[in-house]
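So the first sequence is numbered by my numbering: it starts at 29 and just counts up by one. Just so you know, even glycine gets a beta-carbon here, dropped at the ideal spot from N, CA and C. All values derive from a computational prediction rather than experimental measurement. Comments concern the structure below.
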Amino acid sequence: MEVRVRFAPSPTGFFHIGGARTALFNWLYARHRGGKFILRIEDTDLERNIREATDVILDGMRWLGMDWDEGPEVGGDCGPYFQSQRNAVYDEYLEILRRKDCVYERDGAIFFRVSQEPQLIDDLIRGPVYRREEKDFVLYRSNGTPVFHFVNVVDDIAMKISHVIRGEDHLSNSSKHVELFRALGATVPKFAHIPLILKTNGSGKMSKRDKGALVEDYRGHQFLPEALRNYLCLLGWSPKDNREIMPIEEVIRLFDLCDVNKNNARFDDEKLSHMNAIYVKNMPLDRFLERGKILLSGIDADKDYLEKVLAICQEKLRSFEELKHFVSYFFAEDLEYDAELCSTLKRYDPVARIGEFLGEVESVTDFSEANLERIIGELGKKHGLRARDYIHTLRFALSGRTVGPSFYKMVGVMGRERVRKRLSRALEKGASQW
RNA sequence: GUCCCGUUCGUCUAGUCUGGUCCAGGACACAGGAUUUUCAUUCCUGCAACAUGGGUUCGAAUCCCAUACGGGACGCCA
29 MEVRVRFAPS
39 PTGFFHIGGA
49 RTALFNWLYA
59 RHRGGKFILR
69 IEDTDLERNI
79 REATDVILDG
89 MRWLGMDWDE
99 GPEVGGDCGP
109 YFQSQRNAVY
119 DEYLEILRRK
129 DCVYERDGAI
139 FFRVSQEPQL
149 IDDLIRGPVY
159 RREEKDFVLY
169 RSNGTPVFHF
179 VNVVDDIAMK
189 ISHVIRGEDH
199 LSNSSKHVEL
209 FRALGATVPK
219 FAHIPLILKT
229 NGSGKMSKRD
239 KGALVEDYRG
249 HQFLPEALRN
259 YLCLLGWSPK
269 DNREIMPIEE
279 VIRLFDLCDV
289 NKNNARFDDE
299 KLSHMNAIYV
309 KNMPLDRFLE
319 RGKILLSGID
329 ADKDYLEKVL
339 AICQEKLRSF
349 EELKHFVSYF
359 FAEDLEYDAE
369 LCSTLKRYDP
379 VARIGEFLGE
389 VESVTDFSEA
399 NLERIIGELG
409 KKHGLRARDY
419 IHTLRFALSG
429 RTVGPSFYKM
439 VGVMGRERVR
449 KRLSRALEKG
459 ASQW
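Structure follows, in structure tokens:
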């Protein structure tokens, strides 16, 4: 049997992280099984501008690297893929129910007659689940438009969906759907109800209002899409061998629905940030530079210098959102020295340290990492101090910061002239405080 | 309220199907420590869990039941 799965979002104007995870599990399963991943826009009963709202989702999908085989923009044999354009299909299926006398009209709406028999929901994650639908429910509103339960099932039939992979919040709805599949004489697909994503703090599932609930926010905060995707893979699924950072190809190879957890997972943004940091650190240099340069495009600097700065910062950077601040002092000569930090550095006797190093800078031309290390080492030996006594002070004088990339790399990249100027000015500026 | 699903460290999880190798493993976070190169990196160490009560069994995190707790669904929303 050909595997055909679908992600069927409603274009609400945002892309919820839970929806993204549902899409991801569908996509992973399709890719794992060599099946088809279909994107269907459930835009019934929506007045807003569908175009823009759909774009938010399509952009988010592309950003996370999830491609679809059928759907908006790519087409397919089962189109159209917008429910708002499929009324003819729904009417056709409604006719089937009419002929079988499964529906009736009341208050202008069309209701479906439930059997009130327990329905089997054959769930690949939870096992067999039985649930009985007690009340007839609406298929068409009195204004003539079809509702979710009906169009969802009809489209799954028409699009030959083999596996319905969706959030557990739909498990209870499934008894309605199974009744409809049966009444329409269709094969009931396999179900896989995946656990919900709970909010980081507090109770309940994550909702659009919660911080970190929207895919576009992660994009805005400069997260790497492959990091978010990797984290999402691990929310409810794991390779079971303690691996966490995994190339997506490997996840595709291993992913299967029977390995998906049953219990809900709480979203942990600290773990996500940690994974993002690892992805940033492990990025190939050319990609790191490319992305870094885009983020620093407002800075007027020599290209070669900019690239060198970026290159030495990669190992310490945790997220691209911090990048601009992390490197700003490399490109600004007017450093501000925080008074409080100045006073905590007093113990190193900054004026003396800076003076000693400046003396060396005047006479040295080799600014290689190794030579700088040698110089600091010798200064230390000569004055009975340790390298750190110099490094703390000098970093502060050169950058106005207490943290940054490797000290020797930083000095090397700044170069002799810049270092000399900055140290001289640091002596003037800090003189009163030191 | 009714129905459905779930319950291993604070969090994500491995182990549960096929009971013994689990006084429960990994990761994040947290706390200590290390590096004659500093820091937000890296490395090491530590802290920390089988919801509770019954049962089955020589033996249960693993099987069964009950309770508690958590989540979800009960819309002419999707």
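- DSSP, reduced to helix, strand and coil, places GLN113 within a helical segment of the structure shown.
- Approximately 31 Å separates the beta-carbon atoms of ASP151 and ALA255; this is outside 8 Å, ruling out the contact.
- DSSP places ASP184 inside the alpha helix (DSSP H), whose first and last residues are 176–186.
- Excluding sequence positions up to five before and after ALA329, its CB lies within less than 6 Å of the CB of PHE359, all in the same chain and listed in chain order.
- A straight line joining the alpha-carbon of ILE138 with that of GLU318 spans about 57 Å.
- Your pair ALA241 and LEU263 does not check out as a contact, with CB atoms roughly 13 Å apart and the cut at 8 Å.
- DSSP places PHE385 in the uninterrupted alpha helix (DSSP H) bounded by 378–391.
- In the structure shown, LEU86 adopts helical secondary structure according to DSSP, grouped into three states.
- Close CB contacts of LEU455 within its chain, under the 6 Å cut and outside five residues either way in sequence, are with ILE382 (chain order).
- If you look at TYR246, you'll find it in the alpha helix (DSSP H) that goes 243–248.
- The shortest CA-to-CA distance from PRO156 to any of SER203, LEU282, PRO174, ASP366 is the one to SER203.
- Looking from the CA of GLU349, the closest CA among ILE69, ASN304, LEU363, MET29 belongs to ASN304.
- When only Cα atoms are considered, ARG237 and LYS227 end up about 10 Å apart.
- Note on geometry: alpha-carbon atoms of ALA398 and LEU386 lie some 18 Å from one another.
- Remark: three or more beta-carbon pairs, one from each stretch, lie closer than 8 Å, so the stretch 340–348 and the stretch 307–325 are flagged as touching.
- In this structure, DSSP gives TYR57 a helical state, which the three-state scheme calls helix.
- Taken atom to atom, the span from the alpha-carbon of ILE276 to that of TYR57 is near 12 Å.
- DSSP places PHE65 in the strand class (E or B) of the three-state scheme.
- In this structure PRO378 is not in contact with THR430, their Cβ atoms being roughly 13 Å apart against a cut-off of 8 Å.
- Listed in chain order, the alpha helix (DSSP H) elements of length 4 or more contained wholly in the stretch 234–309 are 243–248, 253–261, 276–282.
- Residues ARG159 of the same chain have their beta carbon placed closer than 7 Å to that of SER200, with the five preceding and five following residues left out of the count.
- For HIS353, the enclosing alpha helix (DSSP H) stretches over residues 348–355.
- DSSP places LYS218 within a strand segment (E or B) once states are collapsed to three.
- Counting of Cβ neighbours within 10 angstroms places GLU384 among the buried residues, the total reaching 16 or more.
- Per DSSP, the beta-bridge partners of PRO146 are ARG160.
- For PHE435, the three-state secondary structure derived from DSSP is helix.
- Here TYR376 has ASP417, HIS420, THR421 as same chain residues with Cβ atoms under 7 Å from its own Cβ, once five neighbours each way along the sequence are excluded.
- In this chain, LEU167 is not harboured by any alpha helix (DSSP H); it is covered by the beta strand (DSSP E) spanning 165–168.
- Here LEU323 is not near LEU334, since their CB atoms are 8 Å or more apart.
- According to the DSSP secondary-structure assignment, GLU133 is paired through a beta bridge with ILE138.
- Around the beta-carbon of ASN180, 16 or more other beta-carbon atoms lie within 10 Å, marking it buried.
- Using a Cβ distance threshold of 8 Å, ARG402 and GLY408 do not count as a contacting pair.
- The C-beta distance from ILE66 to TRP91 rounds to 19 Å, too long to meet the 8 Å contact threshold.
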